[in-house]
Each structure stands twice: as structure tokens, then as C-alpha cells.
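One structure is given here, and the rest of the page talks about it.
2 protein chains.
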Amino acid sequence: VIFDDRQPGTRSSASRPHSQGEQTRQTILARALKIGSREGLAALTIGRLAKELKMSKSGLFAHFHSKETLELATVEKAKNGFQNAVLLPAQASGRGIERLWNLCELWLVHVERHIFSRAYFFTGALFVYADRPGPVAKAIKSSSQEWFDALRKAVEDAQARRELDRSASVGRIASELNGILVGAHYAYLLENGTSLREARPALLARLRELAANTIPTSAFQSPRSWIKYLEKMH
Amino acid sequence: VIFDDRQPGTRSSASRPHSQGEQTRQTILARALKIGSREGLAALTIGRLAKELKMSKSGLFAHFHSKETLELATVEKAKNGFQNAVLLPAQASGRGIERLWNLCELWLVHVERHIFSRAYFFTGALFVYADRPGPVAKAIKSSSQEWFDALRKAVEDAQARRELDRSASVGRIASELNGILVGAHYAYLLENGTSLREARPALLARLRELAANTIPTSAFQSPRSWIKYLEKMH
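Take a look at the structure:
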């Protein structure tokens, strides 16, 4: 499986609800994630949720005993969404540089799909929560870390497979590729233009410079030539 | 003036307080910015400020008539801090590629100085507020836009001065350089290692690829060789 922007690389995360209680819980969490994605977790209160969902506060408390439990479950839901849309399909597809590409491509598609908001939940959350104590901050950092580790591992694997030059630092490559994504997202939030689309040739230009000579440089010329190259490799 | 990481490129923004009222206002805003930087603007309430500063709520209301006025003044203070630490010194120094470098260098120093928090206020705020209506979101976006426009303008100027290749898109270059900074910051928040320092050679590698042949490639070899090159140009 090779991902490009013609295929939304998503898997449904919906396990069929086992009970009405579970169904209510999922409805609450969906709304909580919507608020958290649009306005940040701090905007999430049990009172507001109760009002928006036309539920009683005590009904909500039956599911989430505190604001912290609610925040944690919301972060968990966002994390699962990201795993299902990006990490799992990338891990199920290809290896080395192909997986590295798929991770970045699926990240872009995930942002482009605008679930609830143009801003991707975890980028803002990482910057706001990085220096805070407590389990919510920890859960947010662990999701960003999971993404960053997946990038690092794919870079390492691509080096081991002699697709990428082995002399460059794994952490630095991961940070630069992630920077192309986050930087394109930043520009997109400001200018709402073609920045996310432009991230793809920028990624390929960077990969071309990092590539070992086992891959023809012509493969990196455009997203189209790159997809063709990957297809031929199968 | 060439900025490198040996010189904190800051200018004091402290105009001498004209009155005790103004002094109190600045004390309140300093604390507000501390809270906003560490925990996000949403954590900022008049009640909390009153408690932390041992002031009466009514005393605070005399300075800030609403949470929104307080948030706006806090964003304004953060914006002034960024202007004084990054934008103004860069604009007062060099032109073209030198100013482009100084903007990036001063941005890194500003983050490295850890004012209140490892996270730089506006990056998190942009991601959290990008899709929200209202004057606070507008003020946050305008500060990020001011930074991004300064980058774009320096890129344009460097192209006009034939320091950078004129065929590349200004917006894409600005987005990529900003991405190197934000990506390094992201990695730094997760790993607390050398990511911010590594942004400098990464920036130079990118500038080398974008440079016109008016600059010897050896200049881009390391931050040290780059500073020497800029010094020689004066």
C-alpha cells in the first residue's frame, strides 16, 4: 500500500458500541474532542458539555468523575484517531523510506481532512502543555513522542536498508522532516493557501539530499514520480 | 551587527513607568504573561491573578475591565517582547540574507532564553487560536503574521540582492525556514536535547541550497564560518 493524497488513509476506529452507556460515552467524547480541537482543552468544561449535549451535569459526572478524567479521555480519543489515521496504516505499509514517506503523507492528509478544525489537536497541545505537570500533559507528550519515535524508527530503518545516507543523525532528520510538516501547517493556518500541498515537494527535496545512491534522483522530482517509483519497487 | 548565539539580541522594552498606576499595570501583565506562557491564555483568570498578586479583584478590574481586555493586553505584551527581542534588532541589522539569518538566530535565542517556559508563547497560541473568532485570536494571528512577513520580506530582499536564487517561491522558502525553527523547537520540547542548537547547521544547509552563486559554498559550512563570512562582508 502506498499512500498519496488521492487516498484518505483512514481506518475506521469505530468498534461497535457494546452498550448504550458506551454509546453515550462516545457521544460525549466526540463533542469533547470537537471543543478541544477548536478551542483547546482548557475550554472544555462539564457544564459546557452538559449544555451543548442537553444532558444533566450529573449524567456527565456518571461517565467522567472530574474535569481531569474528561480531559484524559479526550486526549486518548484524539490519540486513537491519530493512530488509526496515520501510525497504523503507515506501519502496515512498506518499510524504510516508503514508510517514512507514508507517515508524512498520512500526517498531511490527516490535517487536510480538517477534523473539527484546521489546527491539528496535538501540535497546539504540545506547545501549550510541554512544561506543565500532571497526567493530561503527560498523555499529550506521549502522543507527540509516539509520532516522533515512528519517524525516527522509519529513518533508522531506511538507513539500515541503505535507502538513506547513514552518516546523518537520525534525530536531526526526523526533526527536519517533522519541521517541514509543522512549518507547512503553520503557514497554512496563516495564509490558508497551498502550503500543505507544497510540503510534499519540500519533503522529496529533503529526502533526495539525504538519499543514498541506491535510489535514482529522478524519483524525487515530484510527488507523482515518487509514487511511481514506490509502485515499481513492489 | 551580526547576531549569533553568543549575543542575546535583546533590547529593553521597559519605558520607564510614568505613574504608580502604570507600574501596577505592568506588574499585573508580567504575571499574566507568565501564566499565559506556561499554561496557555485559557488558564488566565482575574481571580487567579488577584490571588497570586495578593490584590483585590476590584483592584484588578480597575486596570482590566474584562477577561478579554486582560487577554488582549497580555498578547500585546508578548508581541512587544517578541518585537524587541527579534524583529527590531534584526531590522536594525544588515539586509537580505544577513537579516534573514539574524531573524532566525534571534528567534532561536528568544526560545533558548526560556522566558517563563520552554514553549514560545505564540507557536502554541497560533495552533490553538487559528480557527477561533474574536479580537484575541486576531491579535495572536497578527503577531505570527508579522513574524512570517518579516521572513518573507528578508527572503525577497535576499533574492533581489542576488544572494538567493530567484527561481524559488518566497512563501515556500519562508515556510521551510520557519519549519526548521518550529520543528527544532518541537523536538526540543520532547527530547530537551541539542535540537535547538542543531537548527543552525540545518538552516545553513538549506540556505546553501537556495543560495545564488554570489556566495561561496564554504561560507555555509558551519555557524562559525557563516558568522565569519558575514563579518567580512561589512
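If you read the sequences in order, they're chains A and B. Heads up: the first sequence runs through residues 3 to 236, numbered per the working numbering. Heads up: the second sequence runs through residues 3 to 236, numbered per the working numbering. Each residue gets a CB set at the ideal place from its N, CA and C atoms; glycine is no exception.
Does the beta carbon of glutamate 200 of chain B sit closer than 7 Å to a beta carbon anywhere in chain A?
-> On the second sequence, position 198 is the one that residue 200 of chain B refers to. Interface residue, yes.
How would you list, in chain order, the residues of chain B whose beta-carbon sits under 7 Å from the beta-carbon of alanine 132 of chain A?
-> Your numbering for residue 132 of chain A matches position 130 in the first sequence. Simply Arg120, Ala121 and Leu191.
Please report the residue range of the alpha helix (DSSP H) in which threonine 125 of chain A lies.
-> Sequence index remark: in the first sequence, residue 125 of chain A carries index 123 (1-based). Per DSSP, threonine 125 of chain A belongs to the alpha helix (DSSP H) from 123 to 131.
What residues of chain D sit near phenylalanine 222 of chain A, judged by a beta carbon separation below 8 Å?
-> Checking the listed chains, one finds no chain D in this structure; the protein chains it contains are A and B.
Are isoleucine 142 of chain B and valine 88 of chain B close, meaning C-beta to C-beta below 7 Å?
-> Along the second sequence, one-based indexing puts residue 142 of chain B at 140. Along the second sequence, one-based indexing puts residue 88 of chain B at 86. Not in contact: isoleucine 142 of chain B and valine 88 of chain B (Cβ atoms no closer than 7 Å).
Please check if any C-beta of chain A sits within less than 7 Å of the C-beta of isoleucine 182 of chain B.
-> Taking the second sequence and counting its residues from 1, the one referred to as residue 182 of chain B is at position 180. Isoleucine 182 of chain B counts as touching chain A.
Distance, lysine 56 of chain B Cα to histidine 236 of chain B Cα = What you label residue 236 of chain B is simply residue 234 of the second sequence in a count that begins at 1. What you label residue 56 of chain B is simply residue 54 of the second sequence in a count that begins at 1. Cα to Cα, histidine 236 of chain B sits roughly 52 Å from lysine 56 of chain B.
Backbone CA spacing between threonine 216 of chain B and leucine 206 of chain B [nearest angstrom] | As a position in the second sequence, residue 216 of chain B is number 214, starting the count at 1. As a position in the second sequence, residue 206 of chain B is number 204, starting the count at 1. One C-alpha to the other measures close to 15 Å.
Under a CB-based cut-off of 7 Å, is glutamate 178 of chain B close to chain A?
-> Here residue 178 of chain B refers to the residue found at position 176 when the second sequence is read from its first residue. Output row for glutamate 178 of chain B: interface = yes.
Partners in chain B for glutamine 147 of chain A, counting only beta-carbon separations shorter than 8 Å | The sequence position of residue 147 of chain A within the first sequence is 145, counting from 1. Chain B residues near glutamine 147 of chain A: Leu192.
Report the three-state DSSP secondary structure of alanine 213 of chain A (helix, strand or coil).
-> Within the first sequence, numbered from 1, the residue matching residue 213 of chain A stands at position 211. It is a strand residue.
Can you tell me where the alpha helix (DSSP H) with histidine 187 of chain B in it begins and where it stops?
-> For the purposes of this step, residue 187 of chain B is identified with residue 185 of the second sequence, where counting begins at 1. Looking at the DSSP string, the run of the alpha helix (DSSP H) that includes histidine 187 of chain B is 172 to 193.
Proximity test, Cβ basis, 7 Å: threonine 47 of chain A and chain B | The residue you call residue 47 of chain A lines up with position 45 of the first sequence. So, not an interface residue.
Interface residues of chain B around glutamate 41 of chain A at Cβ under 9 Å?
-> Here residue 41 of chain A refers to the residue found at position 39 when the first sequence is read from its first residue. The answer, in chain order, is Ala44, Val130, Tyr131, Asp133 and Arg134.
Scan the stretch 52 to 125 of chain B and note each continuous alpha helix (DSSP H) run of 4 residues or more that stays entirely inside, going in chain order.
-> 59 to 65, 69 to 84, 90 to 93 and 98 to 114
For tryptophan 228 of chain A, which of helix, strand or coil comes out of DSSP?
-> Residue numbering aside, residue 228 of chain A sits at position 226 when the first sequence is read from its first letter. Of the three classes helix, strand and coil, the one that applies to tryptophan 228 of chain A here is helix, per DSSP.
Cβ neighbour criterion (16 or more within 10 Å) applied to serine 146 of chain A | As a first step, residue 146 of chain A must be located in the first sequence, where it is residue number 144. Flag for serine 146 of chain A reads buried.
Within 7 Å (strictly less), CB to CB, does alanine 141 of chain B reach chain A?
-> Walking along the second sequence from the start, residue 141 of chain B turns up at place 139. Alanine 141 of chain B does not count as touching chain A.
Looking at the structure shown, is leucine 46 of chain B part of a helix, part of a strand, or coil, going by DSSP?
-> The residue labelled residue 46 of chain B in the question sits at position 44 within the second sequence. It is coil, neither helix nor strand.
Between the stretch 175 to 183 of chain B and the stretch 187 to 205 of chain A, do three or more beta carbon pairs fall short of 8 Å?
-> yes
C-beta atoms of serine 2 of chain A and alanine 189 of chain B nearer than 7 Å | Outside the shown range of chain A (3 to 236) lies residue 2 of chain A, about which nothing can therefore be said.
So which residues on chain B does threonine 1 of chain A lean against when the C-beta distance must stay under 7 Å?
-> It is not possible to answer for residue 1 of chain A, since the shown part of chain A is limited to 3 through 236.
Opening and closing residue of the alpha helix (DSSP H) in which serine 21 of chain B lies | Position 19 of the second sequence holds residue 21 of chain B. Element bounds for serine 21 of chain B: n/a, residue is neither H nor E.
Applying the criterion that 16 or more other CB atoms from any shown protein chain within 10 Å of the CB defines a buried residue, is proline 161 of chain A buried or exposed?
-> The count along the first sequence starts at 1 and reaches residue 161 of chain A at position 159. Proline is not the amino acid found at residue 161 of chain A; the sequence shown has glutamine there. By the neighbour-count rule (16 or more Cβ atoms within 10 Å), glutamine 161 of chain A is buried.
Is the distance from the Cβ of leucine 31 of chain A to the Cβ of alanine 75 of chain A below 7 Å?
-> Taking the first sequence and counting its residues from 1, one reaches residue 31 of chain A at position 29. Taking the first sequence and counting its residues from 1, one reaches residue 75 of chain A at position 73. It is a contact, given that the beta carbons lie within the stated cut-off.
Could you tell me which residues DSSP puts in a beta bridge with leucine 166 of chain A?
-> Taking the first residue of the first sequence as 1, we reach residue 166 of chain A at position 164. According to DSSP, leucine 166 of chain A bridges with A/Ala213.
Buried or exposed for serine 21 of chain A, please, with buried defined as at least 16 other CB atoms from any protein chain shown within 10 angstroms of its CB.
-> For this step, residue 21 of chain A is matched to residue 19 along the first sequence. The residue is exposed, with fewer than 16 neighbouring Cβ atoms inside 10 Å.
Which value, in whole angstroms, describes the spacing of the CA atoms of leucine 62 of chain A and glutamate 158 of chain B?
-> Position 60 of the first sequence holds residue 62 of chain A. Position 156 of the second sequence holds residue 158 of chain B. Cα to Cα, the separation comes out at about 54 Å.
Is there a Cβ from chain B that is less than 7 Å from the Cβ of alanine 204 of chain A?
-> Residue numbering aside, residue 204 of chain A sits at position 202 when the first sequence is read from its first letter. So yes, alanine 204 of chain A belongs to the interface.
Closest Cα partner of glutamate 70 of chain A within the set A/Val138, A/Trp109, A/Ser220 and A/Trp228 | Looking up residue 70 of chain A in the first sequence gives position 68. Taking only the C-alpha atoms, the option nearest glutamate 70 of chain A is A/Val138.
Can you find a CB in chain B that lies within less than 7 Å of the CB of serine 325 of chain A?
-> Given that chain A is displayed from residue 3 to residue 236, the structure contains no residue 325 of chain A and the question cannot be resolved.
Per-residue contacts from phenylalanine 84 of chain B into chain A (C-beta, under 7 Å) = Working through the second sequence from its first residue, we reach residue 84 of chain B at position 82. The premise fails here: phenylalanine 84 of chain B is roughly 15 Å from chain A at the closest Cβ pair, so nothing lies under 7 Å.
Excluding sequence positions up to five away, which residues of its chain have a Cβ less than 7 Å from the Cβ of alanine 257 of chain B?
-> Any answer about residue 257 of chain B is impossible in this case: the structure gives chain B only from 3 up to 236.
Could you tell me whether the Cβ of arginine 174 of chain B comes closer than 7 Å to any Cβ of chain A?
-> Taking the first residue of the second sequence as position 1, residue 174 of chain B is located at position 172. With 7 Å as the cut-off, arginine 174 of chain B counts as an interface residue toward chain A.
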